[in-house]
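Asker: Handing you this structure, nothing more for now.
Residue numbers (the numbering used here): 6 to 185.
If you want it as structure tokens, here you go:
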């Protein structure tokens, strides 16, 4: 789990290389950040299950470069579920192929915690995007969960789950996902 501050090289994201998917969750897509050409989330090979969505949830300000401006567009929207549900994403992949997954989150609301599972394995525990970005509504930072793997079957299963522990019942426990 790391911080990102924009879409340019050295700002926390790896936006170079070949991208099988660059998904703008509930957004319009149509922008490019580095080598990643973002699409909306109804693209072939992608299945998403989330209770809710928001198109213009949060405005970021990563800087003035073309990559920063494009990333600001991507991060504006999200998919989310209530804490008792998950945000589930299934991606068609090729078994035996190495991939690098980057899940992007930006907090514009609440203090929340989430657990991230890939293929049923917890790859990030108790992720709090607001805390990691320096506070809720910090418009210059986002959070990326990066996971490199070799596909073991033809479908990659990603699950973002809200923390249902008693310690967080006074906070927002809804899982969110802005982009991948």
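All C-beta atoms, glycine included, are put in the ideal place defined by N, C-alpha and C.
Go ahead and pull the three-state DSSP assignment for residue 138.
Answerer: coil
Asker: Start and end of the beta strand (DSSP E) containing residue 131?
Answerer: 126-132
Asker: May I ask which residues mark the beginning and end of the beta strand (DSSP E) holding residue 79?
Answerer: Not the beta strand (DSSP E): residue 79 falls in the alpha helix (DSSP H), residues 71-80.
Asker: Can you tell me where the beta strand (DSSP E) with residue 2 in it begins and where it stops?
Answerer: One cannot answer for residue 2 here, as it falls past the ends of the chain, which runs 6 to 185.
Asker: Can you determine whether any heavy atom of the ligand NAD sits closer than 8 angstroms to the C-beta of residue 21, and answer yes or no?
Answerer: In the structure shown, the ligand NAD is absent, as is every other ligand, since no ligand is present at all.
Asker: From the DSSP output, in three-state form, read off residue 40 for me.
Answerer: coil
Asker: Near residue 119, which residues of its chain fall below 7 angstroms by C-beta distance, leaving aside the five closest residues on each side in sequence?
Answerer: 132, 165, 166, 167, 168 and 180
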